[in-house]
């Protein structure tokens, strides 16, 4: 009995029966990385040699199947492992009699995956074998041993990862751990990080930081680089030309990485990126990367690396990028649209940032804009705090800015001239570097061509084409450089300086010049103004405004906004009394308007003065409202005659609809000479017809144009 138990123990072929050998023997081969395949080829050979072990256990060569689709895949998870999925499928279908591997860690290094496979093998009657023995997952003792092996395999993976992480962290604390360096830097074989020795690469990196200081937004920097044809030098990290310099078109992601990376401030950092398992995509271990807050960085070593900018400048760039985001706490970046105070305007009632609502014409052109405080409405369903037309606030802030800049006209002209020359000198430096590189490339192509054997035409023809291509590129750059110098000479001429002084002396003209863009005005406003807080007094036209200037100074004032109705005007009672007084004095409408304009009364909306027609309409409305007779308030004389407002009241419809009917000829009306009032004739039968016309559904008249037989009254019917 003792001998029988030993013959069926782990590792003995007594566990193998004809039931197993009738099915397949699967040899599972896996290595964790492609690098292990190259550097540890012996391990791969040992795994493939397990075919001989399956044959020794009783399987024929034709019944042995090798699954090696997971070579280069980690066993920590089953995601993306096509070979393991095939193995599980074959076992579940009952096609496999035994699964053979060098050790159980080849199959799975996760306890969950290992126990699921072991349970599936037990249900299918499949054996497991490694270099130590043969195991039957259906037997308790073998399951115990297999479970121990799986646990040890998982713990081994954890210990390996822990040791590697500790080693990386120790090296990072010395500032010596580098996987790759960003553009503008070079990693020497000794492990030292230096600036890229190419001067043009360094110039472009410095230009990016200077442009961000001047322009303030990442999009503006990108537009400048693209507009001037400036490329970014990048060292290739892979491929046959690894380490070679390649000039690439600038893009948003590259600029964002440059502005965010602390290495450009000379700071060595480890732990800027982390992994969120919830964002990881199955089968793609490089996914799920997240940005870690600065407070959680594991290693921060200031001054360890060569720097392009100071640490203070780097932090100022981060703060500016954060401020450019459209949030309630910051003004945000300068955006498109004519609203100059977008992002700067705040509500004086609730303190939140006011938004801009644009109205457009049919052709898409902006027709107008309004500043609105709708936070209470959007968050709590309450009425809007306030709103006001945009141009009146922009004009107020612009006038305050121009008043402040007036004493600094000379300084403005000198600063403008210096800024123009600095920018042109910077661009000229880049042009000279590009020309120098093109000349070197052409000279190298020439030398390569002359060193070739003339008889070897296969090589000479290729080198000749390369030389011609380099000469063509050099000639193109020279022509572009000549055009650049013609349009933008490095030093301003005396005429240019005089023109700048004239413009600076008349700052309002410079502000309103066609060459000054809306974006320029917005940048200038944001340079000197932090916030503009406005409060509408009641529902009137009066608005109090407080400007918070850069540096902490505040100024207050009042402005007038357009309103929709006369009743909203703060002086409406005085206006009504004065209009009725002048009307009672039998003054014509033109003289009444002149008196009101001279006395400082202003109409609502965007009109500067009252006109005769507006006075006439106002008097008619006031007489009708107060019941006082006026010179133009008489009712039409005659039977079945109506005024336009009287008929509108009779038919319960707006007066403007009655006017449209008159214009279309749907009612009988004539205009009185002198007063231009419409007198409408309508007897009871006509009133019934008009009421029926009023009850027609919307769009009826349009449909009747295409269907004349449509039932219902026609407007032209008597």
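In this note's numbering, the protein residues as written are 0 to 717.
Beta carbons are placed, not taken as given, at the ideal position from N, Cα and C, and that holds for glycine.
Inter-residue Cα distance where the pair is residue i and residue j
| i | j | result |
| --- | --- | --- |
| residue 142 | residue 81 | 26 Å |
| residue 115 | residue 268 | 42 Å |
| residue 68 | residue 252 | 35 Å |
| residue 197 | residue 242 | 13 Å |
| residue 457 | residue 444 | 16 Å |
| residue 19 | residue 285 | 40 Å |
| residue 661 | residue 693 | 14 Å |
| residue 108 | residue 138 | 22 Å |
| residue 514 | residue 543 | 32 Å |
| residue 318 | residue 484 | 37 Å |
| residue 654 | residue 663 | 14 Å |
| residue 516 | residue 403 | 20 Å |
| residue 277 | residue 604 | 56 Å |
Whether residue i touches residue j by CB criterion (8 Å)
| i | j | result |
| --- | --- | --- |
| residue 91 | residue 126 | no |
| residue 343 | residue 393 | no |
| residue 546 | residue 396 | yes |
| residue 323 | residue 332 | yes |
| residue 145 | residue 117 | yes |
| residue 609 | residue 595 | yes |
| residue 782 | residue 247 | The chain is shown from 0 up to 717; residue 782 falls before or after that span and cannot be answered. |
| residue 480 | residue 429 | no |
| residue 27 | residue 79 | no |
| residue 381 | residue 369 | no |
| residue 423 | residue 487 | yes |
| residue 618 | residue 582 | yes |
| residue 74 | residue 29 | yes |
| residue 70 | residue 36 | yes |
| residue 401 | residue 506 | yes |
Contact with chain B by residue i, beta-carbon distance below 8 Å
| i | result |
| --- | --- |
| residue 561 | The structure shown contains no chain B; it holds only a single protein chain. |
Residue of the options minimising C-alpha distance to residue i
| i | options | result |
| --- | --- | --- |
| residue 96 | 569, 188 and 59 | 59 |
| residue 184 | 238, 305, 121 and 116 | 305 |
| residue 256 | 221, 169, 280 and 240 | 221 |
| residue 748 | 129, 123 and 449 | The displayed coordinates of the chain run from 0 to 717. Any statement about residue 748 would go beyond what the structure contains. |
| residue 667 | 381, 642, 272 and 655 | 642 |
| residue 174 | 463, 576 and 301 | 301 |
| residue 218 | 432, 335 and 292 | 335 |
| residue 320 | 460, 447 and 260 | 260 |
| residue 449 | 462, 437 and 438 | 462 |
| residue 681 | 647, 14 and 94 | 647 |
| residue 421 | 47, 213 and 351 | 213 |
| residue 373 | 359, 362, 352 and 361 | 352 |
| residue 102 | 640, 441 and 132 | 132 |
| residue 574 | 604, 589 and 621 | 621 |
| residue 168 | 296, 454, 307 and 358 | 296 |
| residue 534 | 211, 254 and 385 | 385 |
| residue 176 | 337, 361 and 270 | 270 |
| residue 349 | 148, 34, 532 and 187 | 532 |
| residue 638 | 602, 678 and 562 | 678 |
| residue 50 | 37, 66, 452 and 41 | 66 |
| residue 438 | 427, 475 and 572 | 475 |
| residue 467 | 478, 453, 442 and 454 | 442 |
| residue 613 | 645, 597 and 578 | 578 |
| residue 293 | 303, 280 and 272 | 272 |
Boundaries of the alpha helix (DSSP H) in which residue i is found, first to last residue
| i | result |
| --- | --- |
| residue 297 | Run containing residue 297: none; DSSP gives neither H nor E here. |
| residue 376 | 374–379 |
| residue 567 | Element bounds for residue 567: n/a, residue is neither H nor E. |
| residue 539 | Premise fails: residue 539 is in no alpha helix (DSSP H) and is neither H nor E. |
| residue 171 | 139–172 |
| residue 91 | 81–91 |
| residue 346 | No alpha helix (DSSP H) contains residue 346, which is instead part of the beta strand (DSSP E) from 344–346. |
| residue 586 | No alpha helix (DSSP H) contains residue 586, which DSSP labels as neither H nor E. |
| residue 684 | 683–693 |
| residue 724 | Residue coverage of the chain in this structure runs from 0 to 717, which leaves residue 724 outside it and unanswerable. |
Distance between beta carbons of residue j and residue i, contact taken as under 8 Å
| i | j | result |
| --- | --- | --- |
| residue 554 | residue 651 | Contact doesn't hold; Cβ gap of about 53 Å is too wide. |
| residue 172 | residue 355 | Residue 172 to residue 355, Cβ: 50 Å. No contact. |
| residue 275 | residue 289 | 5 Å |
| residue 24 | residue 62 | 6 Å |
| residue 203 | residue 229 | 6 Å |
Extent of the continuous beta strand (DSSP E) to which residue i belongs
| i | result |
| --- | --- |
| residue 641 | 640–642 |
| residue 678 | 677–680 |
| residue 17 | It is not in any beta strand (DSSP E) - residue 17 instead sits in the alpha helix (DSSP H) that spans 17–20. |
| residue 186 | 184–186 |
| residue 535 | 528–535 |
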